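Going by my numbering, the first residue of the sequence shown is number 54, and it counts up by one from there.
Encoded as structure tokens, the structure appears first; notes follow it.
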Amino acid sequence: METLKIKAKTENMIQYAYVAFRHMPKSERFTLCADMKRSLFRILELEIRANYAREQERLAMFRDLDIELDVFRSLMRLAKDLEFLPFQKYETLSEHVAEVGRMLGGLIKRAKTGLAQ
């Protein structure tokens, strides 16, 4: 059930990201922006796969998801540092990412204790 909540939060994050991406220069829409979009959809895909996975496979999928979330954070930071993404949009998007990250941390913790039992 928790994986469905994180999926909803991720979908909200993607919706906000699309609004934020409109502020990026046209020259970056098919490069850095495209990489960021791919990363977001990879995050969503991994969440869906984890939802259907057996319990023994979930921890590995959650770790892959954590890695992809970190990749997105790095791309987002790069876009901000290069001043392609306005700081206010970056801050709000960072809050979305942090919220998904916290939820994912809880899922990883729960998966670890589930495997230990």
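Quick reminder that beta carbons are idealized off the backbone N, C-alpha and C, glycines included.
Note that the structure is a prediction, hence the values are computed from the model and not measured.
- In this structure, the straight-line span from the alpha carbon of P78 to that of G167 is close to 46 angstroms.
- Here the region 94-101 lies against the region 111-129, with 3 or more beta-carbon pairs under 8 angstroms apart.
- Contact annotation: E100 and T63 have beta-carbon atoms nearer than 7 angstroms.
- Between A73 and K133, the beta carbon gap of about 10 angstroms keeps them out of contact (Cβ cut-off 8 angstroms).
- Rounded to whole angstroms, the separation of the alpha carbons of R130 and F137 is 10 angstroms.
- Setting aside the 5 residues that flank it on each side, Y69 is surrounded in the same chain by T145, L146 and H149, each with a C-beta closer than 7 angstroms to its C-beta; the list follows chain order.
- A distance below 7 angstroms separates the beta carbons of A164 and R111.
- For I67 against L157, the beta-carbon gap comes to about 15 angstroms, at or over 8 angstroms, which does not count as contact.
- Taken in chain order, the whole alpha helix (DSSP H) runs of length 4 or more contained in the region 74-136 are 85-105 and 108-134.
- Scanning Y71, C86 and A61 for the CA closest to the CA of L135 turns up C86.
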